[in-house]
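In this note's numbering, the protein residues as written are 6 to 376. Note that beta-carbon positions come from the ideal geometry of N, C-alpha and C, so glycine has one too.
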């Protein structure tokens, strides 16, 4: 595949002026993607300079985020190798454009590249969910950080058909969940970690991201005071610093292949606050990537195993002796009889109090329904 068929070079005016440290240490697609851009590449930035609102509408979201990102600090001596591969080309129709983005993402992820998508709106989740099943044969988990599941609005496009797809809904707000959404979500096994939980225990979201193949980080999930660049302002949402922490968790997750920064509307932004926040979130995702430690109880030997016997179930937990992270076993008929999923130390403590952890119970119920 020639990625130049799918991606345009960066705009010349974006690269004018004194380059920041980040910009000086990233490969830039100035006149076309070459082998040098892709050699030993770890992370690729891909811009989507339009919204999918009935028709394709051009915007400056990806470039606004880039301008803020390019000025941030970056020490290239520690890696990773990064390239900004430019902006997605616009197709004749929305579907053609989504298919093109999906093909480009698939090519990069199959090459082992962690892809960060800048710009666009929630509709491009369809392109990601079309590409991820092509690069894994396992059950597939996708985390959406937004107040309501926007995918329900696009069900008419009929682009999600793989039964292995499971959704994690982070920072959900119940007052946005219409009956239409509730009916749609029954088609996809998913777990929800509501906004109140994010506020109460942000670290509880980390296991969801550690187990995810992809993350969609929507500006709609952020409190408007922290991110004014939204189409529809909301008084409630996660805080700016929490966005950066979630992005850091995503970068650390060695299983996660793609992270999308969506729903940024520059025309509503004030003093580029939202662009700067999303650039900082991307920076923390990259910092997390630098610190990745690939490990899993089913593949590595540096784990302690804990068995907790309850009245109805015996729960098995694993703790990494290297990172102190936790996993637990859940019966999963469509897999190999059991599935080992990431969890938090709190889940183990709950089991030790002779209570079934809420995450184990949801995962178990979902597994039985999907079997």
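Item to check | Range of the contiguous beta strand (DSSP E) that encloses residue 310 | outcome: 308 to 314
Checklist entry - Nearest CA to the CA of residue 94: which residue from 12, 180 and 268? => result The option with the nearest alpha carbon to residue 94 is 12.
Checklist entry - Would you say residue 125 and residue 14 are within 7 Å of each other, going by their C-beta atoms? => result no
Item to check | Buried/exposed call for residue 281, threshold 16 Cβ in 10 Å | outcome: buried
Next on the checklist: Can you give me the C-alpha to C-alpha distance between residue 246 and residue 291, rounded to a whole angstrom?
Outcome noted: 16 Å
Next on the checklist: Comparing C-alpha positions only, which one of 372, 249 and 213 sits nearest to residue 344?
Outcome noted: 372
Next on the checklist: Please report the straight-line C-alpha distance between residue 2 and residue 7, rounded to a whole angstrom.
Outcome noted: Since the first residue shown for the chain is 6 and the last is 376, residue 2 is missing from the structure and cannot be characterised.
Next on the checklist: residue 26 and residue 79 - do their beta-carbons sit closer together than 7 Å?
Outcome noted: yes
Checklist entry - Three or more C-beta pairs closer than 8 Å, one from the stretch 240 to 256 and one from the stretch 224 to 231: is that the case here? => result Under the 8 Å Cβ criterion, the stretch 240 to 256 counts as touching the stretch 224 to 231, having at least three qualifying pairs.
Checklist entry - What residue range is occupied by the uninterrupted beta strand (DSSP E) comprising residue 433? => result Outside the modelled stretch of the chain, which goes from 6 to 376, sits residue 433, for which no answer is possible.
Next on the checklist: If I follow the unbroken beta strand (DSSP E) through residue 93, where does it start and stop?
Outcome noted: 87 to 93
Checklist entry - Does the stretch 169 to 187 come close enough to the stretch 132 to 144 that 3 or more CB-CB pairs lie under 8 Å? => result Short answer: they touch.
Item to check | Coarse secondary structure for residue 187, derived from DSSP in three states | outcome: helix
Item to check | Unbroken stretches of the beta strand (DSSP E), 3 residues or longer, contained in the stretch 182 to 247 | outcome: 195 to 199 and 219 to 223
Item to check | N-terminal and C-terminal residue of the alpha helix (DSSP H) that residue 286 is part of | outcome: 278 to 295
Item to check | For residue 102, the first and last residue of its enclosing alpha helix (DSSP H) | outcome: 99 to 115
Checklist entry - For residue 68 versus residue 33, is the C-beta spacing smaller than 7 Å? => result no
Item to check | the stretch 127 to 136 contacting the stretch 94 to 111, beta-carbon criterion three pairs below 8 Å | outcome: yes
Item to check | Residue of 38, 197 and 50 minimising C-alpha distance to residue 288 | outcome: 50
Checklist entry - So what does residue 13 bridge to, in DSSP terms? => result In DSSP, residue 13 forms a bridge with 92.
Checklist entry - When the Cα of residue 150 is compared with those of 316, 174 and 294, which residue comes out closest? => result 174
Checklist entry - Grouping DSSP H, G and I as helix and E and B as strand, with all else coil, what is residue 121? => result Here residue 121 sits in strand by DSSP.
Checklist entry - How many Å lie between residue 336 and residue 347 at the Cα? => result 14 Å
Item to check | Per-residue DSSP class, three states only, for residue 328 | outcome: coil
Checklist entry - Cβ atoms of residue 155 and residue 127: under 7 Å apart, would you say? => result yes
Checklist entry - For residue 327, which residues of its own chain have a beta-carbon under 6 Å away from its beta-carbon, when the five flanking residues on both sides are left out? => result 307
Checklist entry - How should residue 357 be labelled, buried or exposed, when 16 other C-beta atoms within 10 angstroms of its C-beta is the threshold for buried? => result exposed
Checklist entry - Roughly how many angstroms lie between the CA atoms of residue 157 and residue 200, to the nearest whole one? => result Each residue's alpha carbon lies about 19 Å from the other.
Checklist entry - How is the alpha helix (DSSP H) around residue 27 delimited, first residue to last? => result 26 to 29
Checklist entry - Cβ of residue 255 within 7 Å of Cβ of residue 265? => result no
Checklist entry - Between the C-alpha atoms of residue 105 and residue 262, what's the straight-line distance to the nearest angstrom? => result Straight-line Cα distance between these residues: approximately 18 Å.
Next on the checklist: Nearest by alpha-carbon distance to residue 325: which of 318, 333 and 101 is it?
Outcome noted: 333
Next on the checklist: What would DSSP say about residue 271, mapped onto helix, strand or coil?
Outcome noted: helix
Checklist entry - Rounded to whole angstroms, how far is the Cβ of residue 235 from the Cβ of residue 273, which I believe are closer than 8 Å? => result With 8 Å as the limit, residue 235 and residue 273 qualify as a contact, their Cβ atoms being about 6 Å apart.
Checklist entry - Under 7 Å between the Cβ atoms of residue 197 and residue 267? => result no
Checklist entry - Excluding sequence positions up to five away, which residues of its chain have a Cβ less than 6 Å from the Cβ of residue 285? => result 249
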